[in-house]
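What follows is a short report on a single structure.
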Amino acid sequence: MTDRARVLVPRVLVIDDEPQIRRFLRVSLDADGYGVIEAGDGGEGLKACVREKPDLVILDLGLPDRDGIEVIQRIREWSAVPIIVLSIRTGEADKVTALDHGADDFVTKPFGMGELLARMRTALRHRVQVEGAEPVFVSGRLRVDLVYRQVLAAGQPARLSPKEYDLLRLLVRHAGKVLTHRHILREVWGPAHEHDTQYLRVLFRQLRQKIEADATHPRLLITEAGVGYRLQILEQEQPE
Amino acid sequence: MAEDLDQDGGRPSPDALLEAARKERRGHLKIFLGAAPGVGKTYAMLEAAHLRWREGVDVVAGVVETHGRGETGVLLQGLAAVPTRTIDYRGKAFAEMDLDALLTRRPQLALVDELAHTNIPGSRHLKRHQDVEELLEAGIDVYTTLNIQHLESLNDIIAQIARVRVRETIPDRVLKDADDIELVDLPPHELIKRLKEGKVYVPERAQRAMSHFFAPGNLTALRELALRHVAERVDDQMLSFMRAHAISGPWPTRDRIMACLNDNPLMSRVVRTAQRMAERRKAPLLGVYVETSSHDRLSDAAKHRIRAALQMAEQAGAEVLTVPGEDVAAELIRLARARNVTLLVLGRSRPRWLWPFSRGAMLDTLIHGDSALDLHIITGSAEEKALPELPKASETLRGVRSWFEGWSWLGIPASLGGAAAATAAGTLLEPVIPAASVSLLYLLVVFFCSIKFGLGAALLAAVIAIGSYNFFFLPPLYTFTIDDPQNVVSLVVFLVVAILSSHLAGRVRNQARAARTREARTAALYEFSRKIAGAVKEDDVLWAVCHHVATILRVRTVVLMPGRSQELEIQAGYPPEDRLDEKSMAAAIRSWEYNEPAGWGTGTLPSSQWLFMPLRTAHTAIGVLGIQFSQPESGLAPEQRWLLDVVAGQAALAIERTQLFQDIEDARLAAETEKLRSALLSSISHDLRTPLSSIIGAVTSLINFGLRLDEKGRRDLQHTIREEAERLNRFIGNLLDMTRIESGAMQPKHEWVDLEDLITTAVTRLTSVLARHPVEFEIAPDLPLIHVDYILIEQVLVNLLENAAKYSPDDAVITLTAKTDAAVVMVEVIDQGVGIPKDKLEQVFDMFYRVKVGDRQIAGTGLGLCICRSIVQAHGGTIVADSPVRDDQGTRITVRFPLEPQPRALPEEVE
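Printed below as a string of structure tokens:
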């Protein structure tokens with residue numbers, strides 16, 4: 035691999051103690067055009083992170099030598115590199131903790147490669163977006179103009195309440211990323227309401243009714259059970 | 002024992018073998034039996050001990066009375082001895098055998114002189130033979146000495162022969178149970194010679210009595226008694242040997258001898274006679290007291306005599322029964338028939354001048370009835386009267402006093418008033434009725450008094466009535482003299498009628514009262530059995546037992562049972578008791594280990610304040626019941642003893658029942674666990690292997706023929722792998738959930754959840770499973786929020802939808818509804834599958850239960866619905882299945898959550 039290629043190809047650090055997982059990730063990511071760096075435990079992973087400066091980190095929370103959360107904290111002390119966490123289904127609390135400590139997203143084991151690649155793309159794009167946010171966001175049937183505060187669903191203006199708009203704007207700014215309940219509540223209602231999830235439930239129901247084609251089959255506003263919500267990034271739909 | 006051999010011909014009787022086995026473990030008892038003091042028993046014992054000692058046996062003298070005789074003292078030298086213990090009693094020091102030291106020393110052979118000795122109060126046992134018993138139990142051999150006159154059953158005969166009542170007696174069974182008896186025999190004239198030479202120790206104060214005792218005639222008789230006893234014993238041993246070795250012989254059928262117990266002063270003779278006869282005939286002995294309604298009216302002394310008789314019979318080895326009943330003879334006959342009794346021993350009671358029918362009638366019935374019973378009647382002799390057992394003067398007084406039982410001072414004004422009223426009425430009516438009829442009015446008053454106030458008041462009324470009648474109505478009027486002899490006759494008749502009728506009325510009254518008492522006791526017992534029958538847990542039963550015994554007997558109670566460490570511990574008490582003093586604890590342990598009452602009022606550790614009764618059923622030993630009276634000097638009356646026996650028996654049964662119940666419950670749980678485990682194993686082996694087989698098969702196909710397969714074939718295999726892996730994942734998820742539920746680790750994290758949101762999430766998660774099953778939603782608008790654990794309830798919906806898909810044909814619609822009413826939020830999942838048989842609607846929620854479709858079993862874990870139910874119930878909701886839904890097919894699962902007060906609304910409302 036030439037130096038030039040190294041610059042162009044995004045490099046991914048995989049920190050996981052299972053060789054089988056690392057192997058299939060290496061093969062698949064390689065095939066999708068990523069450069070892969072492997073680490074078998076937390077200490078090795080942190081060293082690799084410092085040495086190699088990867089573009090993205092995939093971190094298994096269950097490591098033999100130290101807690102995955104601790105690895106996130108250590109990385110966050112000096113780097114804003116996107117971190118995607120691998121976790122088991124029943125570990126919702128771990129996921130939330132990881133996200134609250136600075137992880138960007140999570141994937142539940144066992145996972146499909148398609149899902150992981152989508153999350154990686156979002157995380158990498160988000161990193162670019164932070165630097166220069168686009169004024170207009172488009173996903174599926176939804177179009178949000180952040181400058182003129184205009185929301186269109188399937189080409190029709192959606193009349194949002196101020197709170198609904200605040201919520202949507204927050205989701206748009208982190209489009210594709212999961213946002214924890216606490217995060218959303220703090221941003222939209224303020225720190226005093228961090229635990230009032232019922233606000234979220236009602237507000238999301240209202241928002242879905244206004245921007246989703248079928249509220250019982252939401253495609254844009256996805257619930258991440260036990261963790262939070264995510265605004266899905268879809269191909270733009272042309273209004274008929 | 003005898004009947005055992007009757008039936009099995011040549012086999013040794015198990016009882017006989019058991020007896021032999023029991024004796025194996027015990028120490029051996031050898032008794033040196035003599036006819037009288039001075040025959041040289043102690044000397045013989047010491048000689049034998051020396052022989053053993055020289056053989057190398059560890060011999061220790063526990064207590065040996067040399068009475069200062071040189072030759073005996075010499076023999077004692079060389080033998081090890083445990084020093085005696087000095088006990089202070091009433092200011093004097095007494096030396097007693099130190100039982101504990103002896104038990105600790107554990108010699109092979111202990112020498113214990115004077116078996117019939119009575120211990121000084123404060124010792125562990127009343128009698129020395131009980132000490133010896135304990136030594137034997139501890140496996141220590143014992144040599145001891147005994148004079149024939151101390152044998153309980155010979156007590157009467159000895160008294161007749163020697164005119165001396167021997168106070169220190171031992172039960173016959175001690176001699177019977179001895180392994181060896183050596184008769185130390187000395188012809189009478191030689192004994193007398195020794196006596197004259199001063200070689201026989203005689204206490205100062207007994208000099209005179211003794212010289213009478215040592216008359217040649219007496220000694221000959223005693224010697225004969227001793228010889229006969231030993232001869233009988235040899236006979237016994239031979240029989241025992243024959244039984245143990247299965248030598249058949251003409252064994253007599255087993256009959257029983259019954260001693261009829263009552264307050265008769267002849268009781269000790271009745272018991273001893275019965276015991277002697279029972280032993281001669283090798284027959285079991287029954288001691289029976291028939292408790293009539295008059296029992297309550299007996300004097301304290303009479304009650305005490307009954308108590309003593311019961312105790313004595315018990316010590317004589319009799320089975321003692323207290324039977325309630327009115328007709329003593331009928332009860333005796335009934336019992337005799339029931340228990341195969343052939344001989345009845347009873348004492349003839351003193352005739353009573355006023356009531357010649359009562360007891361004599363009983364004898365009559367027994368003699369003339371067709372009871373086929375042999376009767377042995379003990380009659381009082383002149384000699385008997387000289388004995389202190391006869392009633393004292395004060396007791397006769399008490400008999401009179403018993404007439405006034407239930408006496409109320411109201412009886413005096415009542416009889417006076419009644420007589421006055423009768424006089425007034427008589428005066429008024431005199432012109433109308435004949436003077437003789439006025440006496441009937443007085444009779445009425447006497448009658449009234451006897452019914453209302455008892456015999457005493459009636460007698461008083463009778464006296465007043467006669468006086469008044471005479472004074473006011475019989476000429477000459479207003480004097481107490483009577484002119485007409487005819488009136489004298491009528492007055493006498495009046496008196497007799499008054500006394501008889503009031504006696505009758507008083508008896509009726511007493512019977513009624515006795516009936517009430519018995520009624521109350523029966524009610525208490527009934528209440529007791531009801532209460533303990535209702536108690537399921539051991540603690541409840543124990544509490545009921547303690548509380549009830551405490552209430553009906555007015556005592557403090559404790560129940561002790563072996564605890565975890567198998568040591569006896571207090572398990573319950575009323576009023577609650579934490580610990581017992583050392584002596585009581587020793588009594589409790591004694592009662593537990595020997596299965597006999599111990600402590601207060603018994604022969605063992607009587608100085609304890611508590612009386613302990615073993616709680617034992619036919620199957621097992623449960624523990625001991627302890628009671629303590631508030632006034633420890635009052636004895637246990639027969640009816641209390643009877644009550645205590647009944648209650649202890651019932652309590653033991655009830656406790657055993659709870660223990661059995663617990664055992665059954667444990668066994669059931671174990672079986673259940675075992676069933677679950679095997680179901681789990683089969684489920685895992687099947688449900689893990691099936692998807693794994695598909696995956697391995699598909700993967701190996703791809704590896705081996707990947708290039709030769711066309712695009713579609715390859716994709717099919719790839720999809721198979723993916724679907725099967727997902728299925729495997731769900732299965733493991735279910736297993737994990739089940740494990741969490743079972744281990745109690747599932748703790749719902751309640752938050753406010755939008756049901757619609759939850760439904761959509763579940764449906765989204767199942768996209769691949771539901772690919773072939775369209776889902777229709779009927780979701781009511783504006784559903785309230787529910788307060789649940791999002792993840793868990795989502796799992797419920799996922800499981801329900803997955804089930805619906807599994808049991809539905811392809812393209813059949815699955816309907817999902819969500820609605821609410823005033824009290825619940827309801828979710829229904831309706832499929833169009835084959836449905837569930839009516840009788841299986843509940844079972845589908847059981848672990849590892851799977852509905853069969855035709856003869857095919859749908860792949861699945863049988864865990865899904867079970868998990869659903871656990872989760873929903875943990876949220877306070879319900880889940881039910883019904884089927885068919887329509888057209889004989891389809892299943893509807895309905896989940897209901899309680900509707901809770903909704904949280905605060907949004908701080909800022911929508912436009």
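Line by line, the protein sequences are chains A and B. Note that the first sequence covers residues 35 to 274 in the numbering used here. Note that the second sequence covers residues 2 to 912 in the numbering used here. Beta carbons: idealized from backbone N, C-alpha and C, even for Gly.
Residues bridged to residue i [DSSP beta-bridge criterion]
| i | result |
| --- | --- |
| B:Gly627 | B:Val559, B:Phe613 |
| B:Tyr144 | B:Lys31, B:Leu112 |
| B:Ser503 | None; B:Ser503 has no bridge partner. |
| B:His788 | B:Trp753 |
| B:Lys820 | B:Met827 |
| B:Met259 | B:Leu287, B:Leu345 |
| A:Ile140 | According to the sequence shown, residue 140 of chain A is Phe rather than Ile. Its beta-bridge partners are A:Val119. |
| B:His126 | B:Thr605 |
| B:Phe778 | B:Leu817 |
| A:Gln190 | A:Ala187 |
| B:His377 | B:Val346 |
| A:Leu47 | A:Ile71, A:Val91 |
Beta-carbon separation (whole angstroms), residue i vs residue j, contact threshold 8 Å
| i | j | result |
| --- | --- | --- |
| B:Ile483 | B:Leu492 | 7 Å |
| B:Lys913 | B:Ala875 | For residue 913 of chain B there is no data in the structure shown, the boundaries of chain B being 2 and 912. |
| A:Ala157 | A:Arg175 | Their Cβ separation, rounded to whole angstroms, is 24 Å, which puts A:Ala157 and A:Arg175 out of contact at 8 Å. |
| B:Val60 | B:Arg53 | 6 Å |
| A:His251 | B:Thr816 | Actually they are not in contact, since the Cβ atoms of A:His251 and B:Thr816 sit about 16 Å apart, beyond 8 Å. |
Contact set between residue i and chain B, taken where Cβ atoms lie within less than 8 Å
| i | result |
| --- | --- |
| A:Arg239 | Asp755, Glu757, Asp758 |
Buried or exposed by the 16-neighbour rule on C-beta atoms within 10 Å, applied to residue i
| i | result |
| --- | --- |
| A:Trp112 | exposed |
| A:Asp138 | buried |
| B:Gly74 | exposed |
| B:Tyr479 | exposed |
| B:Thr932 | With chain B covering 2 to 912 only, the question about residue 932 of chain B has no answer from this structure. |
| B:Asp101 | exposed |
| B:Val896 | buried |
| A:Glu165 | Per-residue confidence for A:Glu165 stands at a pLDDT of 49, beneath the threshold of 50, marking its modelled position as unreliable; the derived number appears in the next sentence. The residue in question, A:Glu165, is exposed, as its Cβ has fewer than 16 Cβ neighbours within 10 Å. |
| B:Asn148 | buried |
| B:Asp142 | buried |
| B:Trp611 | buried |
| A:His217 | buried |
| A:Ile267 | buried |
| B:Gln629 | buried |
| B:Ser249 | The pLDDT assigned to B:Ser249 is 42, lower than 50, so where the model puts this residue is not dependable, and the model offers no usable value. |
| A:Phe238 | buried |
| B:Pro775 | exposed |
Chain A residues whose Cβ lies nearer than 7 Å to that of residue i
| i | result |
| --- | --- |
| B:Thr762 | Thr257, Ala259 |
Partners in chain B for residue i, counting only beta-carbon separations shorter than 7 Å
| i | result |
| --- | --- |
| A:Gln232 | Trp753, Leu786, Pro904 |
| A:Thr235 | As written in the sequence, residue 235 of chain A is Arg, which differs from the Thr given in the question. By Cβ distance, chain B contributes Trp753, Val754, Asp755, Asp758, Leu786. |
Contact set between residue i and chain B, taken where Cβ atoms lie within less than 9 Å
| i | result |
| --- | --- |
| A:Arg175 | Within 9 Å Cβ-Cβ: nothing; A:Arg175 doesn't reach chain B, min ~17 Å. |
Within chain A, partners of residue i - CB distance below 8 Å
| i | result |
| --- | --- |
| B:Asn735 | Within chain A, no residue comes near B:Asn735; the closest Cβ sits about 11 Å away, beyond 8 Å. |
| B:Ile742 | Here the premise fails: no neighbours, minimum Cβ distance about 12 Å. |
| B:Asn730 | Pro144 |
Residue-level contact to chain E via CB, residue i, 8 Å cutoff
| i | result |
| --- | --- |
| A:Arg57 | Within the model displayed, chain E is absent; protein chains A and B are what it includes. |
Under 9 Å by beta carbon: chain A residues contacting residue i
| i | result |
| --- | --- |
| B:Asn705 | Correct list: empty, because the minimum Cβ distance to chain A is about 20 Å. |
* To do: Can you give me, in chain order, the residues of the region 243–264 of chain A that have a beta carbon less than 8 Å from any beta carbon in chain B?
  => Residues of the region 243–264 of chain A with a C-beta less than 8 Å from any C-beta of chain B: Ala249, Thr250, His251, Pro252, Ile256, Thr257, Ala259, Gly260, listed in chain order.
* To do: Quick one: which residues of the region 764–783 of chain B get their C-beta closer than 7 Å to a C-beta of chain A? List them in chain order.
  => Flagged, chain order: Phe778, Ile780.
* Of all the residues that make up the region 566–589 of chain B, which are near chain A by a beta-carbon distance shorter than 7 Å? -> For the region 566–589 of chain B, which is checked against every Cβ of chain A, not one residue is closer than 7 Å.
* Give the residues from the region 794–823 of chain B that approach chain A closer than 7 Å (Cβ to any Cβ), ordered along the chain. => Listed in sequence order: Glu795.
* Can you list, in chain order, the residues of the region 210–227 of chain A whose Cβ is nearer than 9 Å to any Cβ on chain B? -> Flagged, chain order: His215, Trp223, His227.
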